[in-house]
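All remarks here apply to the structure that follows.
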Amino acid sequence: MLRISIRNLQQKVSVSPGVIKKIFKKILKKEKIGASGEIVVSFVTNHLIRKLNSRYLKKYSFTDVLAFETTALFNKKGFYADIIISVDTARRNSKIYKTALSYELKLYAVHGLLHLLGYDHNLAKNNRLMRKKEEEYVHT
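So the sequence shown is numbered by this note's numbering: it starts at 2 and just counts up by one.
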């Protein structure tokens, strides 16, 4: 079974690790993922996510969520990954879209996990499927 670790690396917003872990466990079960390893979900500031976005993806802007599979970095069997979520972007978008901050944070976490599971939103058809899965799982 995958271990899910939550790291809150910012001090603007408190996060509920139990909520994210519960959602992830349901998604992994429903998607029939039985790998061992660890997914680390980190809640960060815009400043840090921009640094990571530019360093690893060569995109020099803020973003809501980044997801990286890091299995190759470990000499172990299993699946290892990081999901990085910008709390600042979640807060801004919750005001723009008139949603709860907790909803935005869950949405970004689910979005990141779906990317790690192979879902993509580059094509319209794939985008519809991914959005449908996000809405299904964020309300789990």
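Each residue gets a CB set at the ideal place from its N, CA and C atoms; glycine is no exception. Keep in mind that this is a model prediction, so the values were computed, not measured.
| Check | Outcome |
| --- | --- |
| Distance CB(Arg92)-CB(Val14) smaller than 8 angstroms | yes |
| Cutoff 6 angstroms; reference Ile24; Cβ partners in own chain excluding five residues on either side | Thr141 |
| Of the residues Val45, Val111, Leu114, the one placed nearest Thr90, counting alpha carbons only | Val45 |
| Beta-carbon gap between Ala82 and Ile21 smaller than 8 angstroms | no |
| Cβ neighbour criterion (16 or more within 10 Å) applied to Glu135 | buried |
| Exposure of Asn127, with buried meaning 16 or more beta-carbon neighbours within 10 Å | exposed |
| Sufficient close CB pairs (3 or more, under 8 angstroms) joining the region 28-35 to the region 102-119 | yes |
| Beta-carbon proximity check, Val88 vs Leu108, cutoff 8 angstroms | no |
| Proximity of Leu10 and Leu53 at Cβ, strictly below 8 angstroms | no |
| Per-residue DSSP class, three states only, for Glu135 | helix |
| Three-way DSSP call (helix, strand, coil) for Tyr81 in this model | strand |
| Burial state of Asn47, where buried means 16 or more other Cβ atoms lie within 10 Å | buried |
| Length of the line joining the Cα atoms of Arg56 and Ser43 | 17 angstroms |
| Under 8 angstroms between C-beta atoms of Thr80 and Ala110 | Here the sequence assigns Phe to residue 80, which means Thr is not the residue at that position. In this structure, Ala110 does not lie closer than 8 angstroms to Phe80 by Cβ. |
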